[in-house]
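Each number in this note's numbering corresponds to the 1-based position in the sequence shown with 2 added.
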Amino acid sequence: APASPQRIIGQVAAQEESDFRNQLKAQGIVLELNAQRSEECTPDFLGNLVHAGESLDILLDTFDLSSDTSTPVLTILPVPAPKYGTVSLDEITLSYTASASFTGAALDTILVEYSQQTDKDTILVEVQVVRAGRTVVADGMVIGPEDFQSYCLDDELDFPSAKYCSEFLPSANSYDGRGRQNFYFTSYHYPDTCMVYWSSRFPGNDTVSVRICDELAVCDTFLIPVTITGDTIPGLPFFDDFSKNTGPWPAEQRWLDKDVFVNNTLAPNPPSIGMATFDGLDRRGRTLDIFEGKGDQLTSKAIDLSGYSPNQGVFLKFYLAPKGYGLEPEKVDSFTVEFRNKDREWVRAGTILGMEDVPLDSFPPFLFYSLPVDQSEFFHSAFQFRFTNYVSP
């Protein structure tokens, strides 16, 4: 371990924090939680700033320059000529357009003559020209499920001035594990270019978007591809009665989500010792931040069904109790089952509606359900099924 431990700042799930701290401590890393983050990354520049390919209108200050009653004439002086763009003048508004091919950062100087019959003055205008911001696809990283790895931007960084700030941006990607992974800068006390990525169970391709700005308001967005590896269940049968798992999460050998609560006490007379409860709490044990809509979810790992066919009698069979020792699902609530086809699209295979007017001391029994997997689109090497409960106010 290094003599002076590196400090990582971020937020970690409550039940997972202890394990994560121990892993980091073994590497000489100390974790700080709940660090304050800047709400606005782009710096304010006091002066005339223009990015390559953009234009800036500058209102010239002619106050107190008049020496007589004649109409003043403003003229752009030819020397020095603008080096990094073009200029034009409309009355007292100077327009500067930076060259689209400009790179780096430089100061351009324009002289404007203010002329009257009896006197002349020269107005000096300085324009800070900087390159345009870029979007850079950085080198990728590969990580296993439920693992963590540090990552630093390096060769991709090329700013004309000192770094001012860094922030994460929302990433519009189709990764199944969005919201279940975590990533943090190694420090929030200075503009950092390193992060720690903590993966979820979901395999696939994620993208982390990082925006870094320098002191001249040059802001680059770095897209960091992250590949989360995973394995495939090699065939059937797929079986889990939750009796061999002490919880609180489903077994990682078969399931990807950590939403449901694995237990043996929250409903009477289960068909086996264990059960998975869709309890409205997230993996941290906190109430889901929803008013209505999708609640808990339970998604299987990929199952290789490429060696099977629709006429072989493949079924998904399960028991479901609508209430247990909790509150009954409302009539407008629902419990859905979906299958994933070869195009990675989710296809609804069944819907079980809620109930109404169930007494609090009444416990509807577990009922048996059997859904056929009988469409050719489901017989591929990465078939999945998932359960989702939808809740109402």
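C-beta atoms are modelled at their ideal positions from N, C-alpha and C, and glycine is treated no differently.
These numbers come from a predicted model, not from an experiment.
C-alpha of Pro227 to C-alpha of Pro172: approximately 14 Å in a straight line. Closest option to His53, judged by alpha-carbon separation, among Leu218, Gln118, Leu126 and Asp178: Leu218. The beta carbon of Gly249 is closer than 7 Å to those of Phe263, Val264 and Asn265 in its chain, skipping five residues each way along the sequence. When secondary structure is reduced to three states using DSSP, Phe280 falls in the coil class, being assigned neither helix nor strand.
Here DSSP, grouped into helix, strand and coil, assigns Asn265 to strand. Beta-bridge analysis with DSSP links Phe368 to no other residue. The beta carbon of Val144 is closer than 6 Å to those of Thr229 in its chain, skipping five residues each way along the sequence. DSSP places Met197 inside the beta strand (DSSP E), whose first and last residues are Cys196 to Trp200. Each of Asn175, Glu169, Arg203 and Ser152 was checked against the Cα of Tyr190, and the nearest Cα belongs to Glu169. Membership of Arg180 in any beta strand (DSSP E) is not indicated, and neither H nor E is assigned to it by DSSP. According to DSSP, residue pairing for Asp46 in a beta bridge does not occur.
In terms of Cβ geometry, Leu58 and Asn50 form a close pair [threshold 8 Å]. Around the beta carbon of Pro252, a 10 Å sphere encloses 16 or more other beta carbons of the protein chains shown; the residue is thus reported as buried.
In this structure, DSSP gives Ser211 an extended state, which the three-state scheme calls strand. Going by DSSP, Gln255 is part of no beta strand (DSSP E) at all; its letter is neither H nor E. When the beta-carbon positions are compared, Thr99 and Thr88 come within less than 8 Å of each other. If you draw a straight line from the Cα of Ser72 to the Cα of Pro162, it comes to about 45 Å. Under a 10 Å Cβ-count criterion, Phe317 is classified as exposed, with fewer than 16 other Cβ atoms of the shown protein chains found around its own Cβ. Within the model, the alpha-carbon separation for Asp208 versus Arg182 is close to 11 Å.
Gln119 is positioned such that its CB atom lies closer than 8 Å to that of Asp70.
Our two residues, Pro74 and Met197, have alpha carbons roughly 58 Å apart in a direct line. Per the DSSP secondary-structure output, Arg350 pairs in a beta bridge with Glu340. A direct Cα-to-Cα measurement between Pro367 and Leu225 gives close to 50 Å. With three or more CB-CB distances shorter than 8 Å, the stretch 347–360 counts as touching the stretch 324–336.
For Ala108, the closest of Thr390, Pro84 and Arg213 by C-alpha to C-alpha distance is Pro84.
Taking C-beta separations shorter than 8 Å and ignoring five residues to either side along the sequence, the partners of Leu113 in its chain run Ile78, Leu79, Val81, Pro82, Thr124, Ile125, Leu126 and Val127, following chain order.
Nearest in C-alpha terms to Lys344, of all of Ser302, Ala323 and Phe380, is Phe380. When C-alpha distances from Tyr321 are compared across Tyr392, Asp216 and Asp242, the shortest belongs to Asp242. One Cα belongs to Pro324, the other to Arg388, and the distance between them is close to 17 Å. Between Ala140 and Gly55, the alpha-carbon positions lie close to 24 Å from each other. Per DSSP, Glu169 is one residue of the beta strand (DSSP E) stretching across Lys165 to Leu171.
For Ala100, the enclosing beta strand (DSSP E) has its first and last residue at Thr95 to Ala100. Counting only unbroken stretches of 3 or more residues, the beta strand (DSSP E) elements lying wholly within the stretch 103–131 are 107–117, in sequence order.
Checking the DSSP bridge columns, you'll see Gly295 partnered with Val393.
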